[in-house]
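K.L.:
Quick note, the sequence shown lines up with residues 0 to 525 if you use numbering that gives the first Met the number 0.
My questions all concern the structure below.
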Amino acid sequence: MKFENIFSDINGFGRFQKMIIVINFIGRFTLPCHFLLNNFIAAVPSHHCDISSLDDGGIFSNLSLPERLAVSIPVQEDGTLSSCKMFAVPQYQLLSNYSDITDLPTVSCQNGWVYDNSTFKSTLTSQWDLVCDQRGKNKATATIFFVGVMFGAMSFGSLSDRFGRRIMLLVSYVSGMLFAVASAFSSSYVMFTVLRFFTGFCITGIVIVSAVLSVEWVDIEHRKLVGVIDSLSWSFGYTGFAAIAYFVTDWRWLTVSVTSPVILAIITWRWIPESARWLIANGKLEQAQIYLKKCAKINLTEGLTDNLSTEKLSTIVTEKRDRVYSYLDLIRTPKMRKLALRTGTLWFCVATAFYGISFNITGFGLNIYLTQFTYSIIELPAKVSVYFLLDKIGRRCTEVGALLLAGVCLGINIIVPKDMSVVRTVVAVIGKGFSSASFATVVLYSSELYPTVVRQNGMGFNSFMGRFGVAVAPLILLLDEVWKHLPQLVLCSAAVLGAIVAGTLPETRNRCLPETIQDIEEQSQA
Numbered sequence: 000m001k002f003e004n005i006f007s008d009i010n011g012f013g014r015f016q017k018m019i020i021v022i023n024f025i026g027r028f029t030l031p032c033h034f035l036l037n038n039f040i041a042a043v044p045s046h047h048c049d050i051s052s053l054d055d056g057g058i059f060s061n062l063s064l065p066e067r068l069a070v071s072i073p074v075q076e077d078g079t080l081s082s083c084k085m086f087a088v089p090q091y092q093l094l095s096n097y098s099d100i101t102d103l104p105t106v107s108c109q110n111g112w113v114y115d116n117s118t119f120k121s122t123l124t125s126q127w128d129l130v131c132d133q134r135g136k137n138k139a140t141a142t143i144f145f146v147g148v149m150f151g152a153m154s155f156g157s158l159s160d161r162f163g164r165r166i167m168l169l170v171s172y173v174s175g176m177l178f179a180v181a182s183a184f185s186s187s188y189v190m191f192t193v194l195r196f197f198t199g200f201c202i203t204g205i206v207i208v209s210a211v212l213s214v215e216w217v218d219i220e221h222r223k224l225v226g227v228i229d230s231l232s233w234s235f236g237y238t239g240f241a242a243i244a245y246f247v248t249d250w251r252w253l254t255v256s257v258t259s260p261v262i263l264a265i266i267t268w269r270w271i272p273e274s275a276r277w278l279i280a281n282g283k284l285e286q287a288q289i290y291l292k293k294c295a296k297i298n299l300t301e302g303l304t305d306n307l308s309t310e311k312l313s314t315i316v317t318e319k320r321d322r323v324y325s326y327l328d329l330i331r332t333p334k335m336r337k338l339a340l341r342t343g344t345l346w347f348c349v350a351t352a353f354y355g356i357s358f359n360i361t362g363f364g365l366n367i368y369l370t371q372f373t374y375s376i377i378e379l380p381a382k383v384s385v386y387f388l389l390d391k392i393g394r395r396c397t398e399v400g401a402l403l404l405a406g407v408c409l410g411i412n413i414i415v416p417k418d419m420s421v422v423r424t425v426v427a428v429i430g431k432g433f434s435s436a437s438f439a440t441v442v443l444y445s446s447e448l449y450p451t452v453v454r455q456n457g458m459g460f461n462s463f464m465g466r467f468g469v470a471v472a473p474l475i476l477l478l479d480e481v482w483k484h485l486p487q488l489v490l491c492s493a494a495v496l497g498a499i500v501a502g503t504l505p506e507t508r509n510r511c512l513p514e515t516i517q518d519i520e521e522q523s524q525a
């Protein structure tokens with residue numbers, strides 16, 4: 000007997016399932032905020048060297064501020080003040096229209112920097128002077144966070160397959176909130192990066208556990224709807240984050256603000272059920288029976304529970320229930336091994352392209368709040384389109400098409416001149432929409448590809464590969480120092496590679512979820 004046979008009796012998308020989706024929606028709001036938090040808390044305000052050390056008590060002190068800056072800091076080709084250099088001594092001749100500054104001696108900033116606080120009251124950059132020679136440390140904060148997410152995905156994927164979805168979801172809520180709030184009160188850069196690593200490690204459990212829990216509680220017909228709704232929770236989070244960041248301009252309070260919704264998630268956790276599929280797969284038939292009867296009661300189908308006896312439930316999974324599945328089971332058999340390799344590569348490519356675009360909100364010369372908001376809004380029509388395309392053309396074609404079109408947009412921005420900032424932003428926003436569609440598809444698609452007994456391990460591995468791609472994305476943006484178009488070229492290549500890999504995966508439209516590894520080995524490519 001298949002698990003779907005039970006849903007045909009007790010309603011696979013009734014009030015019980017809708018309750019799970021709403022609760023998970025609440026819990027996931029904080030995730031996109033933390034994933035893009037560095038766009039704002041590590042933003043780089045306009046800055047120049049602190050020139051107070053040049054005040055000799057004479058002529059310098061009698062100058063106005065613009066005049067002091069003119070004699071203290073060299074001007075760049077675009078007419079702006081240098082951010083990292085200052086004159087060794089005041090150059091008073093510059094006040095009389097002296098323009099040849101090529102031979103004037105300059106030094107690195109000697110006494111720190113002065114920052115423009117008109118947009119941000121405080122950022123990591125201004126807190127610990129992460130500019131100029133320390134610019135790499137600024138980008139590293141995002142990478143370190145996503146390295147934590149990467150390892151957390153592997154850990155929570157394995158732990159939730161061993162101990163259950165429900166308890167690990169609570170562990171992720173509580174530990175993620177504690178580390179996030181603690182990071183907001185960091186007294187040093189090292190302390191902050193360590194706490195951000197553990198924040199990423201812990202909150203990633205919310206992503207993979209809630210997604211799998213939602214999918215495992217609905218019938219085939221509504222799996223795509225659940226996948227799109229879960230994905231839309233990220234879009235709403237991104238949109239809300241832009242508004243929160245606009246009003247909360249201090250990095251410490253912004254971190255606390257975007258973490259606070261987890262409190263509501265912890266309160267509502269008590270109504271989250273354990274996955275009946277997981278309970279059956281692990282031989283806990285009595286507990287599964289309790290949750291399934293509760294589902295039938297809430298869905299008003301109590302009179303149709305003939306298939307809920309423990310004897311019938313025991314026929315759903317045929318593999319041994321007394322063994323513990325691990326990540327090694329993803330590579331023990333030929334077809335599982337190929338599936339893990341292909342989905343892992345796909346997740347890496349999708350995440351690299353998506354977050355490479357998302358992190359580059361300052362690269363087009365427009366207001367970062369408006370850019371962030373526009374990036375968020377474009378996801379809504381993209382994901383609504385995915386809802387219809389998943390059944391019309393299937394998961395595989397939707398994924399391939401979205402990635403190819405995202406790659407085209409990234410390629411176009413390589414040839415569009417940099418001074419056409421509006422055009423570049425429009426193309427980037429469209430590319431963000433396609434990359435968002437690819438992300439919405441890949442989460443549902445990959446959860447349908449893996450069997451129940453190792454689904455959480457599979458999603459944990461996929462999330463690991465995806466977060467590896469996210470961790471690499473900020474470093475890819477630093478490649479503009481080698482060649483200004485190199486970041487766009489790398490991101491474009493990642494999107495195209497992802498499309499090629501997606502084309503090799505089997506279609507899952509209108510198919511039952513596989514329950515065992517043997518189900519995978521017996522599948523034919525379609």
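We put the CB at the ideal spot given by N, CA and C, even for glycine.
#1: Quick check on the DSSP output: the beta strand (DSSP E) that includes residue 167 runs from which residue to which?
#2: Pairs of beta-carbons, one from the stretch 512 to 523 and one from the stretch 449 to 462, closer than 8 Å: are there three or more?
#3: Given this structure, state the Cα-to-Cα distance separating residue 35 from residue 339, to the nearest angstrom.
#4: Quick check on the DSSP output: the alpha helix (DSSP H) that includes residue 334 runs from which residue to which?
#5: Across which residues does DSSP place residue 84 in a beta bridge pair?
#6: Report the three-state DSSP secondary structure of residue 160 (helix, strand or coil).
#7: Taking the alpha carbon of residue 21 as the reference point, which residue from 378, 140, 121 and 210 has its own alpha carbon closest?
#8: Could you tell me the boundaries of the beta strand (DSSP E) in which residue 113 lies?
#9: Quick one, which of 130, 143, 134 and 292 has its alpha-carbon nearest residue 10's?
#10: Any C-beta of chain B sitting closer than 8 Å to the C-beta of residue 477?
#11: Among the residues of its own chain, which have a CB less than 8 Å from the CB of residue 471, if the five just before and after it don't count?
#12: Distance, Cα to Cα, residue 48 vs residue 128?
#13: Which residues in the same chain have their Cβ closer than 6 Å to the Cβ of residue 215, if we skip the five residues on either side of it in sequence?
#14: Between the C-alpha atoms of residue 388 and residue 381, what's the straight-line distance to the nearest angstrom?
#15: So, helix, strand or coil for residue 247, using DSSP?
#16: DSSP beta-bridge partners for residue 74?
#17: Can the beta-carbon of residue 82 be found less than 8 Å from the beta-carbon of residue 73?
#18: What are the boundary residues of the beta strand (DSSP E) that residue 48 is part of?
#19: What number of angstroms, rounded off, separates the C-alpha of residue 377 from the C-alpha of residue 326?
#20: Can you give the Cα-Cα distance for residue 191 and residue 230, rounded to whole angstroms?
#21: Under 7 Å Cβ to Cβ from residue 317, same chain only, skipping five residues before and after it: list those, please.
#22: Out of curiosity, what's the CA-to-CA distance linking residue 86 and residue 64?
#23: I need the DSSP call for residue 51, collapsed to helix, strand or coil.
#24: Under the rule that 16 or more other beta-carbon atoms within 10 Å means buried, what is residue 285, buried or exposed?
#25: Hey, could you find the ends of the alpha helix (DSSP H) residue 215 is sitting in?
#26: Just to confirm the assignment: which complete beta strand (DSSP E) runs, minimum length 3, are found wholly within the stretch 116 to 150?
#27: Terminal residues of the continuous alpha helix (DSSP H) containing residue 283?
#28: So, with DSSP's three-state summary, where would you put residue 41?
#29: Which whole-angstrom value is the C-beta distance of residue 537 and residue 368, which I expect to be below 8 Å?
#30: Below 8 Å on the Cβ atoms is my guess for residue 208 versus residue 168; work out the distance and round it to an integer in Å.
#31: Residue 397 lies in the alpha helix (DSSP H); which residues open and close that run?
#32: For residue 594, tell me which candidate among 4, 435 and 503 has the shortest Cα-Cα distance.
#33: Reducing DSSP to helix, strand and coil, say where residue 512 ends up.
#34: Is the stretch 251 to 265 touching the stretch 399 to 410, taking contact as three or more C-beta pairs under 8 Å?
#35: For residue 247, tell me which candidate among 405, 492 and 40 has the shortest Cα-Cα distance.
#36: With three or more beta-carbon pairs closer than 8 Å as the criterion, would you say the stretch 171 to 187 touches the stretch 479 to 489?
P.N.:
Working from what's here:
#1: Where residue 167 is concerned, there is no enclosing beta strand (DSSP E), although the alpha helix (DSSP H) it sits in stretches over 164 to 182.
#2: yes
#3: Rounded to the nearest whole angstrom, the CA to CA distance from residue 35 to residue 339 is 27 Å.
#4: 333 to 357
#5: 107
#6: helix
#7: Closest option to residue 21, judged by alpha-carbon separation, among 378, 140, 121 and 210: 210.
#8: 112 to 114
#9: 292
#10: The displayed structure is made up of one protein chain only, and chain B is not part of it.
#11: 142 and 351
#12: 11 Å
#13: 274 and 276
#14: 10 Å
#15: coil
#16: 80
#17: no
#18: For residue 48, the enclosing beta strand (DSSP E) starts and ends at 46 to 48.
#19: 36 Å
#20: 29 Å
#21: Because the pLDDT at residue 317 is just 46, under 50, the model does not fix this residue reliably, and the value given afterwards should be weighed accordingly. Result list for residue 317: 515, in chain order.
#22: 16 Å
#23: helix
#24: exposed
#25: Looking at the DSSP string, the run of the alpha helix (DSSP H) that includes residue 215 is 188 to 215.
#26: none
#27: Here residue 283 belongs to no alpha helix (DSSP H), and DSSP marks it neither H nor E.
#28: Secondary structure of residue 41 (DSSP, three-state): coil.
#29: Absent from the model: residue 537. The displayed extent of the chain is 0 to 525, so no value can be given.
#30: 5 Å
#31: 393 to 414
#32: Here the chain comprises residues numbered 0 to 525, so residue 594 is not present and cannot be evaluated.
#33: coil
#34: no
#35: 40
#36: no
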